[in-house]
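Below is one structure, written out as structure tokens; the observations come after it.
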Amino acid sequence: MMRLSDQLSFSLQLFLRQKFRTLMALLAVSIGVMSVLLLTGLSEGARQFVLQEFSLLGKDTLIMLPGRKETQGGLPPLTGESSRDLTLEDAAALNRMAEVEYTVPLIAGLSEAYVGGLNRELIVLGSNERLLELRGIRLQLGRNLPANSEQTNTPVAIIGAEVAQALFPTSSPLGEWIRLGDRRFRITGVLEPSGVSLGTDMSNAVIIPIQASQQLFNSPGLFRLLIKLYSEDKLKTVQPAMLKLIASRHAGEPDVTLITQDALLATFDQILGVLTAAVVGIASISLLVAGVLIMNITLISVTQRTAEIGLLKALGAPQRTVLGLFLLEAAILALMGALLGVILAVFLLTLAHLNWPSMPLEMPLWALISAVSVAVSVALLFAWLPARKASRMDPVDALRGVANAH
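No gaps in the numbering here: position 109 of the sequence shown is 1392 in my numbering, and each next residue is one more.
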């Protein structure tokens, strides 16, 4: 019976003798494991980022969109098209409900901004003073939009930190004028750098009063309406009442969609989960390629080492010892390749996180365990046939160098 140390020494001799083939096998396994972990890390990072973004709304917040979506669990309408616009009057009616703390109307669009001889295309958000509170965005300088700004057309604006740096590189933007389209707005505040919020880069955005945005974009209808409740306990009971109220204002048609945070997160979680499974499945194909390469290496090893196998069997080594010897070689190759793949994946994910710090890029533990386990399992599976062939060789014929002896 061979000791484990002897088996490891036997395998090491093979690796040193077949350096190129060993290197190719290590690269194949490492690339397979790296691909699985890298794609899983990116997918999981995107999933966590989306869930983080939408969870900031809070469970006591509803999103109302123009357009009716009948299918439960599906995506909301992306275009916002409907027979009737969602208006500021609708928002005011909802705001009068006892369960509603406040509403935040939204209109979004792109506009060219001009300051002196500088210009820049910006995201323009029309809303009210409650938007910053609801989204957890802070001011770096200045003050918020005026109170009850949805009822006035005051030409004021809050700009993002990147906008301030680009258009006012040497001076403070507070009190200065910025022209959006054919309208001028006085800057009253600058946002703290906050990255992307609900798909909008707030550092490259301008916030103006909702009525001013309606005139700027010639759009009486709202893009979205965020509704903050006093308590999430009222969430289920208030939704039918809101739909009934809107229907009464829209000629009996409940032509809006109400979305809760849980429904939104569940939909995105399901979609991103399917995408993660798909990319992992595609990346796993490279592990099968690595398994085929290990099988070929094992076959070559059996052919080249028939005399050694014959000597082992002549000395009394049973079939299971010879079988285990070649399977051990395949397992060592797979483990070393998997370790190299893990190191490469961690390095690349760390590099990506440094470039995109807002994206939580990290490999899940289940992906790490699964990738290494699959790599070793595939290697053992593909190496079993040539290893079995070696274990069944006749010792006399093997000593004579007959590779196909049985």
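Where is the CB? At the ideal position from N, CA and C, for every residue including glycine.
Buried/exposed call for residue i, threshold 16 Cβ in 10 Å
| i | result |
| --- | --- |
| Gly1458 | exposed |
| Gly1274 | This structure does not reach residue 1274, given that the chain is present from 1284 up to 1689, and the question cannot be answered. |
| Ala1567 | One detail in the question is off: residue 1567 reads as Ser in this sequence, not Ala. Per the 10 Å Cβ criterion, buried. |
| Pro1503 | exposed |
| Glu1327 | buried |
| Ser1394 | buried |
| Arg1413 | buried |
| Ser1514 | exposed |
| Ala1613 | buried |
| Ile1577 | buried |
| Ser1496 | buried |
| Phe1609 | buried |
Backbone CA spacing between residue i and residue j [nearest angstrom]
| i | j | result |
| --- | --- | --- |
| Ala1670 | Asp1552 | 44 Å |
| Gln1494 | Gln1434 | 7 Å |
| Ile1406 | Val1489 | 6 Å |
| Leu1499 | Arg1462 | 11 Å |
| Ala1524 | Leu1547 | 20 Å |
| Gln1423 | Asn1402 | 22 Å |
| Ala1549 | Asn1436 | 38 Å |
| Asn1378 | Leu1371 | 10 Å |
| Asn1411 | Val1563 | 44 Å |
| Leu1651 | His1636 | 18 Å |
| Val1439 | Leu1526 | 33 Å |
| Pro1640 | Met1619 | 31 Å |
| Leu1664 | Pro1349 | 56 Å |
| Leu1582 | Thr1559 | 35 Å |
Nearest-angstrom Cβ-Cβ length linking residue i and residue j, presumed shorter than 8 Å
| i | j | result |
| --- | --- | --- |
| Ala1534 | Val1319 | Not a contact, Cβ separation roughly 55 Å. |
| Gly1574 | Val1661 | 4 Å |
| Ala1376 | Pro1388 | Wrong, their Cβ atoms sit about 12 Å apart, outside the cutoff. |
| Leu1428 | Ile1420 | That belief does not hold up - the Cβ atoms of Leu1428 and Ile1420 are roughly 12 Å apart, past 8 Å. |
| Val1698 | Ile1510 | No answer is possible for residue 1698: it lies beyond the span of the chain, which begins at 1284 and ends at 1689. |
| Trp1460 | Arg1467 | 5 Å |
| Leu1541 | Met1347 | 6 Å |
| Arg1418 | Thr1471 | Going by Cβ atoms, the distance from Arg1418 to Thr1471 rounds to 18 Å, so no, they are not a contact pair. |
Own chain residues within Cβ distance below 6 Å of residue i, not counting five before or after
| i | result |
| --- | --- |
| Gly1315 | Ser1569, Leu1570, Ala1573 |
| Ala1391 | Leu1408, Phe1506 |
| Leu1555 | Arg1330 |
| Leu1450 | Val1398, Leu1401 |
| Ile1580 | Arg1304, Ala1308 |
| Gly1231 | Only positions 1284 to 1689 of the chain appear in the structure, and residue 1231 is not among them; the question remains open. |
Residue range of the unbroken alpha helix (DSSP H) whose run includes residue i
| i | result |
| --- | --- |
| Gln1434 | Neither: Gln1434 is in no alpha helix (DSSP H) and is coded neither H nor E. |
| Lys1527 | 1518-1532 |
| Ala1444 | 1444-1450 |
| Glu1395 | From DSSP, Glu1395 is part of no alpha helix (DSSP H) but of the beta strand (DSSP E) over 1383-1398. |
| Leu1692 | Nothing can be reported for residue 1692: it is not among the residues displayed for the chain, which extend from 1284 to 1689. |
| Leu1377 | 1371-1378 |
Delimiting residues of the beta strand (DSSP E) encompassing residue i
| i | result |
| --- | --- |
| Leu1348 | 1344-1349 |
| Asn1487 | Segment: none, Asn1487 is in no beta strand (DSSP E) and carries neither H nor E. |
| Glu1412 | Here Glu1412 belongs to no beta strand (DSSP E), and DSSP marks it neither H nor E. |
| Trp1460 | 1460-1463 |
| Arg1467 | 1466-1474 |
Proximal residues to residue i (C-beta, below 7 Å), its chain only, five neighbours per side dropped
| i | result |
| --- | --- |
| Ala1529 | Looking at the sequence shown, residue 1529 is not Ala but Ile. The residues are Asp1373, Pro1537, Val1539. |
| Leu1632 | Leu1321, Gly1324, Leu1644, Glu1645, Met1646 |
| Leu1627 | Ser1313, Met1317 |
Proximal residues to residue i (C-beta, below 8 Å), its chain only, five neighbours per side dropped
| i | result |
| --- | --- |
| Glu1404 | Leu1393, Ser1394, Glu1395, Ala1396 |
| Lys1342 | Glu1515, Leu1518, Thr1543, Gln1544, Asp1545 |
The ligand NAP heavy atom lying under 7 Å from the CB of residue i
| i | result |
| --- | --- |
| Leu1306 | As far as ligands go, the structure on display features none, and thus does not contain the ligand NAP. |
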